[in-house]
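Visitor: Numbering (our numbering), first residue to last: 527 to 560.
Here it is: the structure, laid out below.
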């Protein structure tokens, strides 16, 4: 039970991290073009 919740949390954090990286890359790209 606890292990399963940990896996879900880990997957959520990984997905959130990927979104954050994409967001930062997008804004870094915009900053370079300005």
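C-beta atoms are modelled at their ideal positions from N, C-alpha and C, and glycine is treated no differently.
All of these numbers come straight from a predicted model, not from anything done at the bench.
Any beta carbon from chain D within less than 8 Å of residue 546's own beta carbon?
Guide: The structure shown contains no chain D; it is built from a single protein chain.
Visitor: When you compare only the Cα positions, how much space is there between residue 549 and residue 536?
Guide: Working through the chain shown from its first residue, we reach residue 549 at position 23. Working through the chain shown from its first residue, we reach residue 536 at position 10. Whole-angstrom Cα-Cα distance: 20 Å.
Visitor: Taking the alpha-carbon positions, what's the residue 544 to residue 529 distance?
Guide: Here residue 544 refers to the residue found at position 18 when the chain shown is read from its first residue. Here residue 529 refers to the residue found at position 3 when the chain shown is read from its first residue. Using only the alpha carbons, I get a separation of about 23 Å.
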